[in-house]
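This report refers to the structure that appears directly beneath it.
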Amino acid sequence: MAARLSRPRSEMAAHYHVVVVGSGYGGAIAASRFARAGRRVCLLERGREWLPGDFPDTPAKAAHELQVRSEAGDLGRHDGLYEFVVSDDIDVFKGCGLGGTSLVNANVAVRPDARVFEASDWPTALRRESGQDLDAELERGYARAFTMLRAVPYPRTEPLKLQALARGGQQVRGEVYRLPINVTFADTLPNPQGVDQPSCTDCGDCVTGCNVGAKNTTAMNYLPDAVRHGAHIFCGVDVQRVEKGADARWQVFFDASDVHRDRFTDDDELRVAADIVVLAGGTLGSTEVLLRSRVAGLPLSERLGERFTGNGDFLGFDYNADYPVNAVGAGPRDPATLEPAVGPCITGVLDRRGTADVADGFVIEDGVLPGAFAAIYPAVFRLAAAAHGQDTDTGLVDWLREQGRELLSVGSAYHGAVRHTQTFLVMSHDSAAGQLELIGDRVQVRWPQVGDEPIFETVSQALHDVTEANGGTYVGNPHWTEWLGKKLITVHPLGGCVMADDATRGVVDHKGRVFCCSVGDRVHEGLYVADGAVVPRSLGINPLLTIAALAERICHFAATDRGWVIDYDRPGAPLPPRREEPVGVRFTESMKGFFAVGADNYAEGHAAGEAAGTSFEFLLTIAVDDVRALLDHPGQTAAAWGSVRAPLLSDEPLTVTGGTFCLFVPDEDIGRRRMEYRLPLHAADGRELYMEGFKLIGDDGGPDLWTDTTTLHIAIHQGRSASDPVLGRGVLRIEITDFVRQLTTMLGTGGRDELERLAGLAAFGRLFAGTLFQIYAGVLSAPATFEPDRPARRRRRLRAPRPEILPLATADGRQLRLTRFRAGSGRPVILSHGLGVSSRIFSLDTIDTNLVEFLCGHGHDVWALDYRASCELPAARGRVNADDVARFDYPAAVDRVREVTGADAVNVVAHCFGSSTLFMALLSGLEGVHSVVASQIGAHVVAPLATRIKSGLHLPGVLDALGFDNLDAAASSDDPWWERAFDRGLQLWPREAEERCGSATCHRVEFLYALLYEHDQLNHLTHDTLHELFGVANIHAFRHLALMVRKRQLVTAEGEDAYLCQVGRLGLPITFIHGAENHCFLPESTERTYAWLCQHHDPQLYTRHVVPDFGHIDCIFGRDAVTSVYPLVQAHLRNHA
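Taking the working numbering, I'd label the letters of the sequence shown as residues 3 to 1139.
See the structure below:
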């Protein structure tokens, strides 16, 4: 089990000797070498730490890790593993995680043609004269890197893809041989850096991340070596810029977006100080940091951003060849089932670099298509071949064989045409004429007509010839077409901060030192670039070894120039053992107020500070590492880090590192407790201050609870601790808007899975008094009982698997919830509730058998969805309409379920508003739904007279205009007098004798919606606990629903008929279930939809049941639903498994 190398960000110090930005080859080497030189080293990485076994191996998982950055905006998660930077001329792919692109490359460690170093692009110190040796220190860099990376040629039986490449080599007269690759081919437990590495399994999935641990990424060598010699590594740190401070130290400014500080302020930067900064964030990353730094005033060479090269990268395919190639990665499959072995992504090369002019040379390497996307390859390649493929052989027999192989591939990429497909990965020499520019705040590539450079025509023709040798269809780079402007993609970006002799020709010198001028060779002392950005031209081969050698050389000179000694032989301390991470909690908190210097008490300091305008505010992230330990010992400290703004103390924000937060420490007064904050404050000029603060909490849980827990009394000390002299005092408070934002940042951490993290968050919430916990934990807290002072009733245990709770975020930022009951491994079933209720209607314990138990008893994998209208979610109190549920909630839920389960599609059982919005989503193009059970409503809405009258009077709109944002069906004895009077009035509502009752909640439900159930279908316990099921219903959703009642069909919130015109999208199995006594939506509603669908599609797809003696929601939780309704649901699911 691999040990984690990164530390919690709360452990970051305010200052280090060396701060390294990035963890690829340059950054990892810098961290290792400076740590071996005895320096205090901090490495900052934007991405997350990945361990073997964590990497995506399915389409859904891989798609979740995509991030796309373009001039038009960003898509995907900001720290996704697979990063694409998209521009008009050339796209760039790179890795984002601890290990950088080494996590997702093919790990080929080979030198360029020696003549590359004869070019005038290189600084004099590195330029090689014809026939002479390379620079001695660069040679040593190559040797050190090769040894650390443990590169070896593939030692096993020649894979089919290499045999296919060899046939091509005969055709184009190029030498084919095996390349040294950074892969472990024998169990190495541990390797020289103390990391256990099993042997390669030949799965082929090197470029989506090695789940075996056999790939020698920097996370397997240089990075653990750095940690063993004392380096601190922090992930989730996005460096923005660097600045030289007044004390001559460098200030490195960064964001920590995963703790959501941006939700509180747009003007927020954290910082860490350093004597030396090494930028190694990759070609785009390092250039981007320097471009931002120049905007902020750092003097730099005018050549910054120039000489970008894609290393002549080119992509092509030999599709449906005459010979098997077997070059699709295993993905989630057992690699042993793919015979013969696929092998690593790249094993060999067809070398065409022996040209008279080095710039005309290129290499063709064998590749493997990632197994995570195997399902899409047959269709993609067939379409690409039909669109612009060039079949290299002819004849009827050959054509018939090709067609047969294509048919075989329809079912699987591991058979037929795709199994006979070779991937070509080419590196050559382009003109290095690209320009990296800062567009907004992000770097973009500008390089018009790069695809027209002659080398790419030469390469494309060579790939055609190699394809011809194997009898396949040549499919070129899909971007590289006239229609798309001959756009390229590179996985080997270089340049942007190129080496040169002076600032008129480059950005750094041969030692990697950054020029501080536009003319001359003066440098910024202590600022380096040590990655692919310094390479001044294309290399014509995989660049990682050269980048590593240059980084080794840069570190050597940086150390020797300062008299440091890098001890390359010292073994270092053992890596810490891997331990199960305890469940923790993390949240971000903002407090604001005033303080005054010399104040004797807190209130006086606040008043004097407010009068003088001496504000004080902090933005802190609180991290509880172990919730269980906190429960056992409430006085245990949690970590606190962040920033303080106090203009009287410092013009620049103060950095908080190593702070602590204590929850509920006993106070001197019996019956009181304190929340304590202790924060070391570090100014940019090196000054140190200290803040201690406390919130005084009474134990009565009374009306002062809000004030107590949101008011902090602070004292500022002039020094490093609370024993130093007090400078001033004051009071801070949490503003209500910041408190709402704080709720959205609460997150469970550590643990084995999401369920444990959610349970940890709930446990943390139980430390707070009732009302406060309801506010803090929201979706996690138990529902309020009908009588607030009555003990909660005892609930029976469900006859279902233990629920797994998965929080879910939509594309528009709403937080939803999925609850999984995994009773089988078949097609997942999503349950979707109606308006004003939650998914609890499917799992209530007041009936003998609920729908969740029934479906689990039949072996289904059940997923209960709480979408944004759920009365258990905070989102229900915002603006909610049916369009948003359809547009955002269903796609997010379906995608998440498919991602977790690996299913191609799901079945959905949807009730009422959940059914309406599901139809909207399907009519809008929702994919991944196999079949539907629609309860009580479809695409048409036919309501009884009372509902039509309320809708015709625009009652929801009137209520909205009167200021009612939400309507709450749950009646409580603590409700204000006017609500109780309203409940008395509802007793006068006319109703049939058999439907009369004394429940205020029942009366409210009937007023808001209609009579939703036949009373004789509810048992007493269910009726007595309706307040547990019905809650807040959003007024905006009501308005939309009322509009559909008036229009008698699905329409948008603006009344547009945008849905029913897409009836062609509903060609899937649908079963309608309608209560014959439904007083909310008449059975004619589903009857119309059923007839409408039968007119446009095969009627056999559709089924409709009208259930006698049932109303509306009693079809879901009526006492006899288990015998009259649930079997209809099961019959549909059985028929469409």
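Don't be surprised by glycine CBs; every beta carbon is placed ideally from N, CA and C.
> So, helix, strand or coil for THR475, using DSSP?
Replying inline: One-based indexing of the sequence shown puts residue 475 at position 473. If DSSP states are grouped into helix, strand and coil, THR475 belongs with the strands.
> How many angstroms separate the CA atom of ILE672 from the CA atom of ALA640?
Replying inline: Locating residue 672 in the sequence shown gives position 670, where the first residue counts as 1. Locating residue 640 in the sequence shown gives position 638, where the first residue counts as 1. In this predicted model, ILE672 has a pLDDT of only 39, less than 50, meaning its place in the structure is not dependable; the value taken from the coordinates is given anyway. Spanning the two alpha carbons is a distance of roughly 24 angstroms.
> In the structure shown, what three-state DSSP assignment does GLU901 receive?
Replying inline: Locating residue 901 in the sequence shown gives position 899, counting from the first residue. Here GLU901 sits in helix by DSSP.
>> Could you compute how far the alpha carbon of ARG735 sits from the alpha carbon of VAL261?
In response: In the sequence shown, the residue the question calls residue 735 occupies position 733. In the sequence shown, the residue the question calls residue 261 occupies position 259. Going by the C-alpha atoms only, they are around 21 angstroms apart.
> Does DSSP put ILE777 in a helix, in a strand, or in coil?
Replying inline: The residue you call residue 777 lines up with position 775 of the sequence shown. Note that ILE777 has pLDDT 28, beneath the 50 cutoff, so the model's placement of it is unreliable and the number below is only indicative. Note: ILE777 maps to helix in three-state DSSP.
>> Please identify the residue among GLY1120, ARG407, MET150, LEU46 whose C-alpha is closest to the C-alpha of HIS234.
In response: The sequence position of residue 234 within the sequence shown is 232, counting from 1. Nearest C-alpha to HIS234: LEU46.
> Where does CYS1063 land, buried or exposed, given buried means 16+ other C-beta within 10 angstroms?
Replying inline: For the purposes of this step, residue 1063 is taken as the residue at position 1061 of the sequence shown. CYS1063 is exposed by the Cβ-count criterion.
> From GLU304 to CYS873, what distance separates their C-alpha atoms?
Replying inline: As a first step, residue 304 must be located in the sequence shown, where it is residue number 302. As a first step, residue 873 must be located in the sequence shown, where it is residue number 871. So the two alpha carbons sit approximately 58 angstroms from each other.
> From ASP277 to PHE890, what does the alpha carbon distance come to, in whole angstroms?
Replying inline: As a position in the sequence shown, residue 277 is number 275, starting the count at 1. As a position in the sequence shown, residue 890 is number 888, starting the count at 1. Cα to Cα, ASP277 sits roughly 48 angstroms from PHE890.
>> According to DSSP, simplified to helix, strand and coil, what is HIS558?
In response: Within the sequence shown, numbered from 1, the residue matching residue 558 stands at position 556. HIS558 falls in the helix class under three-state DSSP.
>> Tell me which residue opens and which closes the beta strand (DSSP E) that LYS96 is part of.
In response: Your numbering for residue 96 matches position 94 in the sequence shown. Residues 92–97.
> Just to confirm, are THR590 and THR616 a CB contact at a threshold of 8 angstroms?
Replying inline: Taking the first residue of the sequence shown as 1, we reach residue 590 at position 588. Taking the first residue of the sequence shown as 1, we reach residue 616 at position 614. No; because the gap between Cβ atoms is not below 8 angstroms, this pair is not in contact.
> Would you report the Cα separation of GLY753 and ASP627, rounded to the nearest angstrom?
Replying inline: Reading the sequence shown from its first residue, position 751 is the one you call residue 753. Reading the sequence shown from its first residue, position 625 is the one you call residue 627. Taking the straight line joining both Cα atoms gives about 10 angstroms.
> Straight-line CA distance for VAL1131 to ILE832?
Replying inline: Here residue 1131 is taken as the residue at index 1129 of the sequence shown, counted from 1. Here residue 832 is taken as the residue at index 830 of the sequence shown, counted from 1. Approximately 12 angstroms between the Cα atoms of the pair.
>> Give me, in chain order, the residues of the same chain whose beta-carbon lies closer than 6 angstroms to that of ILE777; leave out the 5 immediate sequence neighbours on both sides.
In response: For this step, residue 777 is matched to residue 775 along the sequence shown. In this predicted model, ILE777 has a pLDDT of only 28, less than 50, meaning its place in the structure is not dependable enough to derive any value.
>> Quick check on the DSSP output: what are the complete beta strand (DSSP E) runs of length 3 or more inside the stretch 1003–1063, in order along the chain?
In response: 1034–1036
> To the nearest whole angstrom, what separates the beta carbons of GLY418 and LEU427, a pair I think is in contact under 8 angstroms?
Replying inline: One-based indexing of the sequence shown puts residue 418 at position 416. One-based indexing of the sequence shown puts residue 427 at position 425. A Cβ-Cβ separation of about 23 angstroms leaves GLY418 out of contact with LEU427 under the 8 angstroms criterion.
> So what's GLY312 in DSSP terms, helix, strand or just coil?
Replying inline: Walking along the sequence shown from the start, residue 312 turns up at place 310. Three-state DSSP puts GLY312 in coil, outside helix and strand.
> Where THR460 and ARG354 are concerned, what is the direct C-alpha to C-alpha distance, given to the nearest angstrom?
Replying inline: Your numbering for residue 460 matches position 458 in the sequence shown. Your numbering for residue 354 matches position 352 in the sequence shown. Approximately 11 angstroms between the Cα atoms of the pair.
> DSSP beta-bridge partners for GLY9?
Replying inline: As a first step, residue 9 must be located in the sequence shown, where it is residue number 7. It is Arg, not Gly, that sits at residue 9 in the sequence shown. Answer is PHE236.
> In terms of alpha-carbon separation, which member of ILE699, SER592, GLY75, GLU690 lies closest to PHE721?
Replying inline: Walking along the sequence shown from the start, residue 721 turns up at place 719. First, the amino acid is wrong: residue 721 is Gly here, not Phe. Looking at the Cα atoms, GLU690 is the closest of the given residues.
> With LEU438 and ARG588 assumed to form a contact (beta carbons below 8 angstroms), what rounded beta-carbon distance in angstroms separates them?
Replying inline: Taking the first residue of the sequence shown as position 1, residue 438 is located at position 436. Taking the first residue of the sequence shown as position 1, residue 588 is located at position 586. That pair is no contact at about 35 angstroms.
> Just how far apart, CA to CA, sit LEU490 and LEU306?
Replying inline: If you number the sequence shown from 1, residue 490 lands on position 488. If you number the sequence shown from 1, residue 306 lands on position 304. Approximately 23 angstroms, taken between the alpha carbons.
> How many whole angstroms separate the CB atoms of ASP207 and ASP368, which I take to be in contact at a CB cut-off of 8 angstroms?
Replying inline: Counting from one through the sequence shown, the residue named residue 207 turns up at place 205. Counting from one through the sequence shown, the residue named residue 368 turns up at place 366. With 8 angstroms as the limit, ASP207 and ASP368 do not qualify as a contact, their Cβ atoms being about 15 angstroms apart.
> Taking buried to mean at least 16 other C-beta atoms within 10 Å of its own C-beta, is ILE348 buried or exposed?
Replying inline: As a first step, residue 348 must be located in the sequence shown, where it is residue number 346. Counting C-beta atoms within 10 angstroms of its own C-beta, ILE348 has 16 or more neighbours from the protein chains shown and is therefore classed as buried.
> Under a three-way DSSP split, which group does PHE57 fall into?
Replying inline: Walking along the sequence shown from the start, residue 57 turns up at place 55. Note: PHE57 maps to coil in three-state DSSP.
>> Tell me which residue opens and which closes the beta strand (DSSP E) that ILE543 is part of.
In response: The residue labelled residue 543 in the question sits at position 541 within the sequence shown. First-last for ILE543: undefined, no H or E at that position.
> When the Cα of GLY331 is compared with those of LEU371, ILE366, LEU763, ASN322, which residue comes out closest?
Replying inline: Taking the first residue of the sequence shown as 1, we reach residue 331 at position 329. When each option's Cα is compared against that of GLY331, the closest is LEU371.
> So is TYR604 buried or exposed if we call it buried at 16+ other beta carbons inside 10 Å?
Replying inline: Within the sequence shown, residue 604 is the residue found at index 602, counting from 1. When all chains shown are included, TYR604 counts as buried.
> DSSP state of VAL1131, grouped into three classes?
Replying inline: As a first step, residue 1131 must be located in the sequence shown, where it is residue number 1129. Three-state DSSP puts VAL1131 in a helix.
> Among residues of its own chain, excluding the 5 on either side of GLY78, which ones have a beta-carbon nearer than 7 angstroms to its beta-carbon?
Replying inline: Within the sequence shown, the letter at position 76 stands for residue 78. Result list for GLY78: LEU68, GLN69, VAL70, in chain order.
> Looking only at its own chain, which residues have a Cβ that is under 7 angstroms from the Cβ of TYR1128, when we skip the five neighbours before and after it?
Replying inline: As a position in the sequence shown, residue 1128 is number 1126, starting the count at 1. Annotation for TYR1128: LEU853, PHE856 place their beta carbon closer than 7 angstroms to its own, counting only its chain and skipping 5 residues before and after.
>> How far does the beta strand (DSSP E) with ALA936 in it extend, from its first residue to its last?
In response: For the purposes of this step, residue 936 is taken as residue 934 along the sequence shown, with counting starting at 1. Its beta strand (DSSP E) spans residues 931–937.
> Could you give the C-beta distance for ALA30 and THR186, rounded to a whole number, given that I count them as a contact under 8 angstroms?
Replying inline: Locating residue 30 in the sequence shown gives position 28, counting from the first residue. Locating residue 186 in the sequence shown gives position 184, counting from the first residue. Going by Cβ atoms, the distance from ALA30 to THR186 rounds to 17 angstroms, so no, they are not a contact pair.
> Is the stretch 491–509 touching the stretch 519–539, taking contact as three or more C-beta pairs under 8 angstroms?
Replying inline: yes
> Applying the criterion that 16 or more other CB atoms from any shown protein chain within 10 Å of the CB defines a buried residue, is GLY815 buried or exposed?
Replying inline: For the purposes of this step, residue 815 is identified with residue 813 of the sequence shown, where counting begins at 1. Burial call: exposed.
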